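**Student:**
Residue numbers (this note's numbering): 301 to 438.
1. Tell me the DSSP secondary structure of residue 359 in three-state form.
2. In three-state terms, what does DSSP make of residue 379?
3. Leaving out five residues on either side along the sequence, give the residues of the same chain with a beta carbon under 8 Å from the beta carbon of residue 371.
4. Could you name the residues of the same chain whose beta carbon sits closer than 8 Å to that of residue 363, not counting the 5 residues immediately before and after it, in chain order?
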């Protein structure tokens, strides 16, 4: 009878140890799969960075200009002989601007001046507000 109890105990211990070993093997297998997936994620991030760089390079003005000129589209850079110069009236000097403003003010009638004074509004503060900005030193 003792032998049967010993055999039962040994069989239970053997079954429990086999279950434990199986669980440990699954844990190790999952760890390996995790490392493979982590490596794949790193590779995808590097590919993403390379693709973003390639897209920005393809959108650059230098690339687009070279591509347009390399194609037989008939486009070319302009030389000095094909530039057209236009003659314009030129800028008024500040003195001429002041004279024009004075003439415009002289044309205003006293009645218009009275109405313009009524319609003007000013915003004044009674206190001097000092706002401290963090990027300025006191």
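Note that beta-carbon positions come from the ideal geometry of N, C-alpha and C, so glycine has one too.
Values in this document were obtained by computation on a predicted structure and should not be read as measured data.
**Tutor:** From the atom records:
1. Numbered from 1 along the chain shown, position 59 holds the residue referred to as residue 359. Correct three-state label for residue 359: coil.
2. For the purposes of this step, residue 379 is taken as the residue at position 79 of the chain shown. Looking at residue 379 - three-state DSSP - the assignment turns out to be coil, as it is neither helix nor strand.
3. Here residue 371 is taken as the residue at index 71 of the chain shown, counted from 1. Closer than 8 Å at the Cβ level, and outside the excluded window around residue 371, lies no residue.
4. Your numbering for residue 363 matches position 63 in the chain shown. Around residue 363: 357.
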